[in-house]
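Residue numbers (this note's numbering), protein chains in the order written: chain A, 509 to 736; chain B, 509 to 736.
Ideal placement from N, C-alpha and C gives every residue a C-beta, glycine not left out.
Every value quoted in this text rests on a predicted model; they were computed, and no experiment measured them.
Worksheet: the structure to be examined is printed underneath.
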């Protein structure tokens, strides 16, 4: 019996990139989990994990948190199901995606942070404003006014991703695996809460994202989001 | 019978990051190759390849160029020797290192370009100046004067590499493989021609580089370079 504690926004929006990684990893393994949606201010729901961030996975009595640790747990616990890493080298190389992704994620976040604020659950507005204004040392309104300053840096960050996709349909090859889910999560964050677009039809990354959205009976389209 | 055409500088310096990738890949596979050192102005030596860049590998009648294609050729042609990729997913994930590495490489290059000029073979000075000044739209002296402006960007680019090494000794896991050689080549470029240092003792990347230099009977230390 698997249970996934996942971030919830207003109107059923799901904008946590890390929770999307876990959702896709579970689907890749063909595992079903009960989803427990949690607002930012629902941390008591998963306090049993001993920390305060989602995703948290419960597998029977076992509790795992941190999206990377959850992926490794699933790979090690369900080795006979489709592999998330394709072996030890693939797992260790996927770490680089895991550590590199914040470079892109931070730029996405700075561009859509006002959109996130508009879509967090009403109960979470005060929490989100306070925590993000502290993190970035600026008001959400200031961050919003500067939100279009990051386009050039985003294009530079996306360049190696685009270059890879000239050679192969997924970051893990002919079929997707965990490194694809790492990158996909950040695109899902944007799509869930913002009409802003970083990829347009005809862009290799747009086509890749479409393939990712098609996976697992269109799992990535199964919750409220802006049109593609 | 394997032959590798490789870039040569003054005083036996070998500063091509891409040739280092191939050198390490050959050693990883336990393959010996005759090395044919070529100056920038020796392109006639490997004109048989139909293009003008090293590394070029000859394996009997077969000619392969481009460091990535050489790595794939070695993996596919010598499958019973130690794997460079650890399987199809590992190979495709290594592509991301291949496409991402120029981000770091360009910053290294801009920082040490005057040092490279000082260490290219005397026959190549005019070629190097003209081609690089055209590429960057500035004189080598201008580039040299700006060479310390890239430190913050280099630290930002190296951050995900450092983060990975908090979890594992090599980018490919417990042992090095091709993604390690991709990154290592760029550090070898710097070490071959410049006293400038981007990593210091105690830094996870410095310790990794030391482990890389130890490999294959200290192959990385076998040519003229600045002290570590």
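The beta-carbon of residue 619 of chain B is placed no less than 9 Å from the nearest beta-carbon of chain A. The straight-line gap separating the alpha-carbon atoms of residue 695 of chain B and residue 674 of chain B is approximately 19 Å. Residue nearest to residue 672 of chain B within the set A:736, A:512 and A:603 is A:603 (criterion: CA-CA distance).
Residues of the segment 660-678 of chain B with a C-beta atom less than 7 Å from some C-beta of chain A are 668, 671, 672, 675 and 676, listed in chain order. With contact defined as three or more Cβ pairs closer than 8 Å, the segment 673-690 of chain A and the segment 634-641 of chain A are not in contact.
The residues 513, 514, 515, 516, 553, 554 and 562, in chain order, have a CB closer than 8 Å to that of residue 546 of chain A in the same chain once the five nearest residues on each side in sequence are set aside. Identification of residues in the segment 597-619 of chain B having a C-beta nearer than 9 Å to some C-beta of chain A yields 597, 598, 599, 600, 601, 602, 603, 604, 605, 606, 607, 608, 609, 610 and 611, given in sequence order.
Assignment of residue 625 of chain B by DSSP, reduced to helix, strand and coil, places it in the helix class. For residue 546 of chain A, the uninterrupted beta strand (DSSP E) segment begins and ends at 542-546. Nearest to residue 648 of chain A by C-alpha distance, out of A:626, A:662, A:622 and A:630, is A:622.
Per DSSP, the unbroken beta strand (DSSP E) holding residue 573 of chain A starts and ends at 570-573. By the criterion of at least three beta-carbon pairs nearer than 8 Å, the segment 624-631 of chain A is not in contact with the segment 703-711 of chain A. The CB of residue 680 of chain A comes closer than 7 Å to the CB of 597, 600 and 601 in chain B, given here in chain order. B:536 is the residue among B:714, B:524 and B:536 whose C-alpha sits nearest the C-alpha of residue 684 of chain B. Among the CB atoms of chain B, none fall inside 9 Å of the CB of residue 535 of chain A.
Annotation for residue 528 of chain A: 693 and 696 place their beta carbon closer than 6 Å to its own, counting only its chain and skipping 5 residues before and after.
In its chain, beyond the 5 residues on either side, 615, 618 and 619 have a beta carbon closer than 8 Å to the beta carbon of residue 658 of chain B. Assigned with DSSP and collapsed to three states, residue 731 of chain A falls in coil, not helix or strand.
Membership of residue 715 of chain A in the alpha helix (DSSP H) is indicated by the continuous run 712-726. Here the segment 577-587 of chain B makes no contact with the segment 653-667 of chain B; the two share fewer than three CB pairs at distances below 8 Å. Within the model, the alpha-carbon separation for residue 611 of chain B versus residue 601 of chain A is close to 18 Å.
According to DSSP, residue 692 of chain B shares a beta bridge with no other residue. With its beta carbon less than 9 Å from one in chain A, residue 593 of chain B belongs to the interface.
Chain-ordered, the chain B residues with CB closer than 7 Å to the CB of residue 685 of chain A read 597.
Rounded to the nearest whole angstrom, the CA to CA distance from residue 574 of chain B to residue 519 of chain A is 51 Å. Looking at the DSSP output, residue 515 of chain B sits in a beta bridge with B:546. Nearest to residue 551 of chain B by alpha-carbon distance, out of B:588, B:564, B:577 and B:689, is B:564.
Between residue 726 of chain B and residue 711 of chain B, the alpha-carbon positions lie close to 20 Å from each other. The C-beta distance from residue 731 of chain B to residue 717 of chain B rounds to 16 Å, too long to fall under 8 Å, and the pair is not in contact. Closest in C-alpha terms to residue 530 of chain B, from the list B:511, B:652 and B:719, comes B:511.
Going by DSSP, residue 588 of chain A is part of no beta strand (DSSP E) at all; its letter is neither H nor E.
Assignment of beta-bridge partners to residue 564 of chain B by DSSP yields B:513 and B:573.
For residue 633 of chain B, the uninterrupted alpha helix (DSSP H) segment begins and ends at 633-644.
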